[in-house]
Amino acid sequence: MISKKIQQNLKPLNSTALQCYLGTGIHTLGLLGWILEQTGRADVYVSTFSTSEEFLNGFLNLRKKGLIRYAVMVADLKASKKTVKLNQLMSYCFDAAYLGMNHSKIVLVQTDAGQTISVASSQNNTYGGRAECTIISTSQEIFLSLYEGLKKIIDNSCELNGIYRKAVENDRKVSTSADSGDSDWLPFGY
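Residues in the sequence shown are numbered from 1 upward in steps of one, following UniProt numbering.
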């Protein structure tokens with residue numbers, strides 16, 4: 001369902017190549033839902049400084065509705081403490097998630113038919129009452145430029161799942177000198 005705020009302030013994607021909004025009440029997740037209602041199933045690339053449980057839950061709902069075919073997220077290393085806490089939920093939302101030197105806030109949408117939508121925003125994937133600025137473009141040239149920039153960020157980032165895999169592998173190696181502990185304890189009641 002399209003929010004009243006979006007209907008009042010933005011035109012359908014097929015009626016204009018470029019539009020913007022400065023104000024409160026339009027959040028990235030609602031905007032993404034509005035875009036996907038118009039495009040149908042698409043690949044989604046998200047770049048943000050930080051994210052939130054609310055955004056991820058909403059993103060997961062869009063995915064469950066079949067509106068998202070493939071998804072990638074890039075978040076900033078400086079916000080990684082918060083991001084890491086959301087790792088499990090992120091793994092349900094995104095096919096790949098990365099941590100890198102990133103302060104950009106974009107959403108790129110591409111359909112199988114080649115339709116492209118780019119959103120550049122001042123807003124992180126969080127919620128609040130502050131005014132935010134958002135620019136929406138259906139220009140393929142803008143999409144490709146932003147996509148190439150995002151690819152460079154990803155190429156210099158660490159895959160979030162890769163970090164955990166390496167940490168678990170390093171942390172869980174069995175030592176040949178490890179004490180089994182079989183000889184010095186008894187279960188309670190014995």
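Where a beta carbon is used, it is the ideal one built from N, C-alpha and C, also for glycine.
{"Check": "From Ala75, Gln123 and Lys152, residue whose alpha carbon lies closest to that of Tyr98", "Outcome": "Ala75"}
{"Check": "Boundaries (first-last residue) of the beta strand (DSSP E) holding Asp76", "Outcome": "Ile68 to Asp76"}
{"Check": "Cys20 vs Thr138 beta-carbon contact at 9 Å", "Outcome": "no"}
{"Check": "Helix, strand or coil at Asn125 [DSSP, three-state]", "Outcome": "strand"}
{"Check": "Integer Cβ distance of Asn125 from Thr48, believed to fall under 8 Å", "Outcome": "5 Å"}
{"Check": "Proximity to Phe143 [Cα-Cα], best of Thr83, Leu22, Phe59 and Gly114", "Outcome": "Gly114"}
{"Check": "Contact check, Tyr147 vs Tyr45, beta carbons under 9 Å", "Outcome": "yes"}
{"Check": "Other residues of its chain near Arg41: CB distance less than 8 Å, five sequence neighbours each side excluded", "Outcome": "Gly66, Leu67, Ile68, Arg69, Thr111 and Asp112"}
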